[in-house]
Amino acid sequence: MIRADQLLLDNLAGKWFSLWLMRFAVWLSCLAFAAAAAADQQSLQYKIVNQGTKASAMMLGLADENTAFILDKVEGNEPDGQDRPTWAELVNLTDFSSRSIPANSNPFCASGATLANGSWIVLGGNQAVGYGGAATPNGAIPYRDNDGRKVVRVMEPTDGDSTKLSWIDEPNSKTQMDSRRWYPGIETLSDGSVVIIGGATSGGFVNRNYPNVDPAYSTTNPNPTPGIWDQGGSNPSYEFWPPTGKPGPQLSKFMVSTSGLNMYPHTYLMPSGKLFMQANYSTTLWDYMKNVEYPLPDMPGRIVRVYPASGATAMKPLTPRNQYTPDILFCGGMYLHNDADWGNFGSPGVNMYKQKADPNCHSIIPEPKSKDKPEYISEGQLPEGRSMGQFIHLPDGTMVIVNGARNGVAGFGNTTWNKALGSDGKTNIFLEGFSQLPTYRPVLYNPEAPPNKRLSTSGIGSSKIPRLYHSSAILIPDGSVLVAGSNPHNDVTRNGTGTFKSLNKKNTYEGFNTEYKLETWYPAYFFKPRPQPQQVPEAITYGGPPFNVTVDGDYMNKNGEVNSLANRTRIWVIRPGFSTHAMNMGQRSLELERSYAVHDDASVTFIINPMPSNKNLFVPGPALFFVTVNGVPSHGKRVMLGKKDPGLVPLADSVGRGKGSAPLPAPAPNPKFAATKKAAAPGPENKADLSGGAIAGIVVAVVIVFILLLAGLIFLVRRANRGAALATQKPIPSTGIEGGLAALPAAGALPYGRYDQRMDESQAHMLTGSNDSLASFGGPELLSSDNPAPDYFASKHSAYDQDPSLDMLPSQYGMGPTEYSSSPLKTTAADASGPPIRTYAAGFEAMQLQTTPQKGKGAAYLEPETYPMTPMGVTSHSGIVGPRAMPRPWSTQSTKPSDIVDVYGQTD
Ligand SMILES: [Cu+2]
């Protein structure tokens, strides 16, 4: 029997125990929460900040201090709330929410730049397309987009009011290029205009036929008209926009000599005003006003760094220490032993999945201060080979490479080796890109470390999201890196993930979905307390008197180190650039000269020289301004470079920073604060803080592992649910056409719909090529039904059809069109009262057109059995396009091109 007091005691003990247990539970959950937060948000790690935008971020740019823009090619993204899929979006950088904004033209593989007045321009692109990237007339259902190949889209600054940000996206003499460009190079010049170089007229895998018989005039015309380049697949010319006072389109010798591997040529404006250009294996300095080239050495080892090999590239930060001497860095890319393996407009000539990306880094100083000849030097190797990596400048003076793949290159297609075997056992379910084995882990590059210690992955976490072809990344004002996109397909693919076998069953490859999640990657400094500089100017001149910025004493005098910290403060101006295709066009980082004075209250005034007077070093326009104390940057403030410049002093020396700036006063440390630390070697001071208490660390790690396992489980379950939800998602339905035709049949269960458009015979147009070069690529022509494609395609098609199990490399049939669908086509005769008038096998997809001879009555109905398989760009040739629907009126936005008063902006 238990005595009452014993019971009481037991009871008390139990209470104490349960109290203790409760406390322990609270403590544990606090720890778990902290660990979860730590697992969620840690320096050198990724975090998913948006579970799904509407458009996949093929292109990404900073619209204003709190907003990024996303542009995608036109494809079956989520509806924009009107009657189109979304392909333009804005991202709020505070909560990373996104919203659709109107766009009209197809920016598929466009180029972008900022102008001196703060506007963005995004120019070029692809023709209007429908499902599967098949060409359509302007405004046609289902996507209702318009030809973007000549379009210059403009987004004007809105004084920080992001609700007003919009694209002016209309064909107009003021906002149009002279020629069609897909994958052009672009560089903003010191006068605020841009030079636009090369590209293709309609697209293709690489920018040539093979054999490459006509690099200058890739045209179907045996007697090409000099000066007309857009008859063929490539556009080896350059032009200026706005063109005022500059020559019109002219042939670029460099675009001829690098023919083939020169889409998105790498360009960097040099201090002399010449343009550094790199494409194929070649490098040159180009005087764009005189159109004279000064060749530089070839790329070492014939490593290809331009698209589609897509090495990471950037100009290293320009600093007083390197006397503002541009030094261009390339990491990764692809080396192929046989030039023929790079293929042609249609496809590569080798199974790209098996090609390992290159790990090497090289740099070149194109305009050295000394009389030395410029040459490429080795900068060591990446830990893994990488194509499609991209460099992002960070405000601590380092650069980080994100995104990419270990095998293969950019681009996508339907060549035999990557034909997908769907889960249902059917082939041709989705298209895949030309890369495998995503590189998930960023690599840091510190330009000021000893040469063999610049590359590092120490402490850096990996993403779990493949970021392959058509991914993007930019530095955002909070100092993190916004990472987005990836879509190695010609249209949205949501259920293609998984492994699949190539048809010859020799290889198993991984399929990748269209990616809509946004991530940020947090540099080492991200979670540390940040300096908050005062009096940061709205605009910074080129040359002229210095300006002052102050950081408070509480921040500067940690541990009584104010003198030392003042001495370790650097002022950075960074332009994040236009991100697409592993490039950040126009991205630059420049450190301003500064001195300082430490006050008695330990606040520090930094006396800062404005921009070097040579505008070629960093052209006018918007940029981010950072005050970086001991490797920890402030939040970036958007500044305009070059506005209102009363103190401008003319450029004095031909190379370098010019002599526009006053000599700064000597640094004035304050004797009141004894320096406790000797100034360390220059460069970023931060290291990942990995040396916490060992025991606590282990406990936290165990908890983190547990929580991650749990989170992983939840994630998997959710993903399974989400996958199931997505699998039942219907494609965007056709909405009917003008002309009173009957309603369309519902799209079937195929992933993204079929060609199920009716067409009026009189209006039916077919996009097809008219000869071999066009078949493999080149300018698609709109041929009317009474001017149909030659039988070339049909013969190729039937040849292939004789043995549908053929699994040949394109090179085995002469680099021509690679293969055709072996699937028989079904036609629905019910709608067609007349006999079939013709059967075409256009490009990569055989199609049968049935139509009534009676104009305006009845309709043709086209139904390929499978989702059209079309390699990138050859889409032009693959589709019967629907009825020539009335083009939609252009933008109804309030801003009209006529409102673009001065696209140059103020450059001084
Ligand atoms: Cu592309």
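Residues 162 to 1069 (this note's numbering) are what the sequence shown spells out, left to right.
Backbone N, C-alpha and C define an ideal beta-carbon position, used for all residues, glycine too.
- In this structure, ligand 1 has no non-hydrogen atom nearer than 7 Å to the beta-carbon of residue 427.
- Pairing residue 298 with residue 238, the inter-Cα distance amounts to about 19 Å.
- Shown here, residue 612 sits in a helix according to DSSP, grouped into three states.
- In this structure, 447 is the residue among 712, 432 and 447 with its C-alpha nearest to the C-alpha of residue 414.
- According to the DSSP assignment, residue 436 belongs to the beta strand (DSSP E) that extends over 436-440.
- In the three-state reduction of the DSSP assignment, residue 601 falls in the coil class.
- In the three-state DSSP reduction, residue 501 falls in the helix class (H, G or I).
- DSSP lists 596 as the bridge partner or partners of residue 569.
- According to DSSP, residue pairing for residue 325 in a beta bridge does not occur.
- Ranked by Cα distance from residue 629, the first of 606, 613 and 594 is 594.
- With contacts defined by Cβ atoms closer than 8 Å, residue 542 and residue 521 form a contacting pair.
- A straight-line Cα-Cα distance of about 15 Å links residue 434 and residue 530.
- For the 8 Å CB-CB criterion, residue 465 and residue 499 do not form a contact.
- Residue 622 places its beta carbon 8 Å or farther from that of residue 503.
- For residue 287, there is no enclosing alpha helix (DSSP H), as DSSP marks it with neither H nor E.
- Collapsing the DSSP output to three states places residue 736 in a strand.
- For residue 727, the three-state secondary structure derived from DSSP is helix.
- In this structure, the straight-line span from the alpha carbon of residue 352 to that of residue 561 is close to 30 Å.
- Closest in alpha carbon position to residue 800, among 712, 728, 702 and 208, is 702.
- The beta carbons of residue 249 and residue 746 sit no closer together than 8 Å.
- With fewer than 16 other Cβ atoms from the protein chains shown falling within 10 Å of its own Cβ, residue 835 counts as exposed.
- The DSSP-derived three-state label of residue 371 is coil.
- For residue 225, the enclosing beta strand (DSSP E) has its first and last residue at 220-225.
- Runs of beta strand (DSSP E) with 3 or more residues, each lying fully within the region 626-690, are found at 632-636, 642-646, 659-662, 669-672 and 679-682, listed in chain order.
- Classified as buried, residue 551 has 16 or more neighbouring CB atoms from the shown chains inside 10 Å of its CB.
- Sorting 607, 208 and 350 by C-alpha distance to the C-alpha of residue 478 places 607 at the top.
- In the same chain as residue 748, and ignoring 5 residues on each side of it, the C-beta atoms closer than 7 Å to its own belong to 475, 554, 736, 737 and 738, in chain order.
- Restricting attention to beta strand (DSSP E) runs no shorter than 3 residues, the region 242-275 encloses them at 249-253, 259-261 and 272-275, ordered along the chain.
- The distance from the Cβ of residue 687 to that of residue 698 is about 25 Å, inconsistent with a contact at the 8 Å cut-off.
- In the pairwise beta carbon analysis, the region 330-344 is classified as touching the region 257-271: at least three pairs are separated by under 8 Å.
- Residue state for residue 720 is assigned as helix, using DSSP reduced to three classes.
- Between residue 763 and residue 714, the C-beta spacing is below 8 Å.
- Residue 401 is bridged by DSSP to 356.
- Beta-bridge annotation (DSSP): residue 230 is paired with 222 and 251.
- A distance below 6 Å between beta-carbons, with the five flanking residues on each side excluded, links residue 308 to the following residues of its chain, in chain order: 288, 289 and 299.
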